[in-house]
Amino acid sequence: MHHCAGLKRRLMEKPMLSAKQKELLNILLRQQQKSTVEQYARQLNVSKRTVYSYLDLLEPELNQRGYTLLRSPGQGVEVIKGKAINEEMDEETDLFSIESRRMELVYRILLKQNKVSLDAFGDEFFISESSIRKDILAMNQLLENPSGLRFNISHKEITLSGEVNERSVCEALIQLNEGFLIGNDFHEKLAHLSALYDMQIIQAVIALVTDYIQDVKINLAEHYMTNISSVLIVLASFASAGRHIQDEDNLLDYDRIRFLPNQILAKQFLSTLTEQLNVEFSEGDAQFLVEYLVADRIQIHNFEKIMEADRVIFEKILQKMEMLIYVQFSDNEEYRNNLLLHLNAMTFRLRKGLKLKNELLKQIKREFEMLFNLTWVVLESEADALHIHISEDEVGFLVIHFQNFIDLQQRTKRILLICPQGIATSELILNRLRMVLPAFNAIETASTSKALRCNLDSIDFIVSTVDVEDIHKPVVRVSPVITDEDLRNIMSFYQQQILQPPKNERSELKLSTLKRYLHPDFIIEGEAESKEEIIMNMAELLKQAGYVKEGYAQSMLSRETVGSTDNIYQIALPHGDIKLVNKTIISFYLLKTAKKWKNHTVKLVIFFNIAENDLTISKKILDDLYCLIKSRELAEAFRQNIDQRTIQVLLGIGEYYD
């Protein structure tokens with residue numbers, strides 16, 4: 017042990033004993049049973065604190081004479097005679113005693129958040145105040161964190177000083193755990209932490225880490241395994257007590273989404289612990305774990321192995337997405353490999369039944385709705401081959417990978433809307449911006465204070481309803497009721513400053529690709545009690561006409577149970593299993609009375625029925641659909657008395673079929 021040399025030097029230094037100290041030594045050598053410090057103090061006519069200091073001084077002397085001094089908290093002091101103890105064994109015994117009381121301090125102060133009386137703790141463990149101060153000094157030497165968290169003695173109490181919050185306390189526990197990880201192997205070291213943490217938590221973490229490492233077949237150094245296990249034990253212990261690390265609000269939503277893939281492995285670990293321990297973790301907990309996963313070299317791209325059969329299917333998925341969103345993943349080999357590894361990790365989770373909650377799913381679906389639907393359709397086309405069931409959360413994670421690649425090609429512009437007038441006003445402006453700007457743009461809202469606080473490097477320009485200063489980004493000022501003149505100014509700015517060179521204004525509704533997949537018999541108007549009835553009615557019509565196979569209705573209903581297909585435009589866009597569609601057709605169901613779908617009230621249901629052999633054209637069909645959905649013409653029709661004929665006119669279907 018690393019303390020061995022120092023201990024030997026101390027043992028060789030024989031201090032001169034005072035008369036009182038010699039008297040206590042003789043008492044100890046003669047006693048046949050446990051005695052309390054209070055009894056020694058009465059015999060010697062000294063204070064209990066003095067007795068503690070005498071015991072610290074006499075213990076090495078007793079050890080050299082072949083005796084062991086045992087201090088039993090709450091019971092007393094006992095000397096075991098005739099037991100020869102060499103210096104190395106003595107050090108282990110001494111360190112165990114010291115470690116026990118230090119762990120007790122950690123447990124009471126960091127885990128239980130209690131203040132500890134200096135005198136009461138000394139009485140309980142039969143040690144002097146100077147010994148406690150040495151313990152605190154030794155533990156403080158292990159603590160290195162930006163918060164300056166330290167153990168402190170003030171007014172006869174042991175407390176914490178510095179910036180005390182859940183993050184700093186977790187960091188302190190992880191650092192102190194390093195000193196408590198005593199044992200010969202991974203399991204023994206972690207089991208030794210049972211004096212601090214619940215053994216059920218420790219066992220769950222051991223199983224999680226060892227199983228995962230075996231599953232992905234990697235060789236990970238033991239110190240990395242013990243460290244990440246320590247982190248998970250601390251997080252799970254905090255979560256079981258209802259304590260969580262605060263998520264730091266210093267990122268815009270778009271940047272949170274962009275960095276989301278880094279959290280997937282962390283969420284996977286925490287999701288497993290949630291199932292085993294019935295505890296919930298926060299976004300802040302997951303972000304905290306991410307930092308340690310990176311530090312401990314546990315990263316998806318470092319160790320995941322892809323089975324050849326799966327790789328072939330992943331390649332098909334990427335090829336389909338390349339055709340749909342007009343990119344070449346092979347242009348960036350590193351990014352392409354990361355996509356393959358993400359698909360592998362996603363497949364691993366779905367096969368294992370590990371559910372990963374995507375906290376930003378709502379924003380992802382709102383900002384990248386078209387890409388989300390395309391990704392879903394492509395994944396669904398290969399789901400059977402991969403033996404998985406798709407989830408909205410996983411589609412959302414994958415969308416960000418695809419969107420990031422689009423960003424690399426500079427096809428996306430990031431726009432920040434600053435609007436302090438409230439949610440309703442922000443939504444109004446946001447909806448109008450989406451009507452006039454290209455679909456691939458990402459638009460986010462923020463208050464003035466948040467905009468000043470966040471890093472805006474990823475933002476291309478700002479639309480604001482108030483004057484803003486100290487923001488070094490192009491700003492377009494608009495009124496809170498955003499007029500047509502405001503929209504023209506935004507488009508003019510976008511064309512002149514962002515697109516370079518300017519482009520013509522957005523074209524009128526042409527929908528040339530969509531028209532090829534319409535039929536007047538499947539643009540109907542009706543009444544229904546529920547979305548289930550609407551879906552069943554349309555599916556039956558399509559089946560009778562030979563467009564879809566048996567089971568298509570159920571596949572659409574199953575999709576609805578996974579997540580919502582409605583949007584803010586009063587439209588739902590349901591779709592079923594691509595393999596059950598014989599021939600592509602886009603069908604419309606206009607509701608005489610608007611119905612609540614899931615998140616929104618819906619007036620029009622557009623069924624996106626794509627056959628597998630038409631998958632490559634689905635992006636163009638969706639382009640036309642979103643052009644229709646976001647059009648002023650449809651919005652105006654909704655404000656008027658929209659009917660079946662109005663929909664046909666908007667689609668230009670009469671002209672196409674005449």
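Here the sequence shown is numbered in my numbering, starting from 17 and rising by one per residue. Where is the CB? At the ideal position from N, CA and C, for every residue including glycine.
- In the structure shown, the three-state DSSP call for V95 is strand.
- E39 and Y56 have their alpha carbons spaced roughly 10 Å apart.
- Across the structure, S256 and Y213 are spaced so that their CA atoms are roughly 11 Å apart.
- Excluding the 5 residues flanking it on each side, L573 has same chain C-beta neighbours closer than 7 Å at E548 and I551, in chain order.
- By the Cβ-count criterion, H417 is buried, with 16 or more other Cβ atoms from all chains shown falling within 10 Å of its own Cβ.
- About 19 Å separates the beta carbons of S647 and F623, which is beyond the 8 Å limit, so they are not a contact pair.
- CA-CA distance, F421 to D231, rounds to 29 Å.
- The Cβ atoms of K381 and F388 lie closer than 8 Å to each other.
- Across the set G195, A325 and L366, the C-alpha of G195 shows the shortest separation from the C-alpha of L159.
- By the Cβ neighbour-count rule, V328 is exposed, with fewer than 16 other Cβ atoms within 10 Å of its own.
- In the three-state reduction of the DSSP assignment, I169 falls in the strand class, which pools E and B.
- The beta strand (DSSP E) runs of length 3 or more contained entirely in the segment 461-535 are, from start to end of the chain, 477-480 and 491-493.
- For T288, the number of other beta carbons within 10 angstroms of its own is at least 16, and it is reported as buried.
- If you draw a 10 Å sphere on the C-beta of E385, you find 16 or more other C-beta atoms in it, and that means buried.
- Of the candidates A154, S571 and I584, the residue whose Cα lies closest to the Cα of D593 is S571.
- Membership of R183 in any beta strand (DSSP E) is not indicated; the residue belongs instead to the alpha helix (DSSP H) covering E182 to F196.
- T529 is the residue among A610, S63 and T529 whose C-alpha sits nearest the C-alpha of I637.
- In the three-state reduction of the DSSP assignment, T577 falls in the helix class.
- Taking each of S34, N42, I143 and P490 in turn and checking the Cα distance to R65, the smallest one comes out for I143.
- Around the beta-carbon of N583, 16 or more other beta-carbon atoms lie within 10 Å, marking it buried.
- H591 and V564 have their C-alpha atoms roughly 12 Å apart.
- With a threshold of 16 other beta carbon atoms within 10 Å, S298 meets it and is buried.
- V95 is not a Cβ neighbour of R87, given a cutoff of 8 Å.
- The closest CA to that of D486, considering only S465, K619 and Y510, is found on S465.
- If you draw a 10 Å sphere on the C-beta of L45, you find fewer than 16 other C-beta atoms in it, and that means exposed.
- Scanning its chain for C-beta atoms nearer than 8 Å, with the 5 sequence neighbours on each side dropped, one finds around L165 the residues L159, L176, S177, G178, E179, V180, S184, V185, E187 and A188, in chain order.
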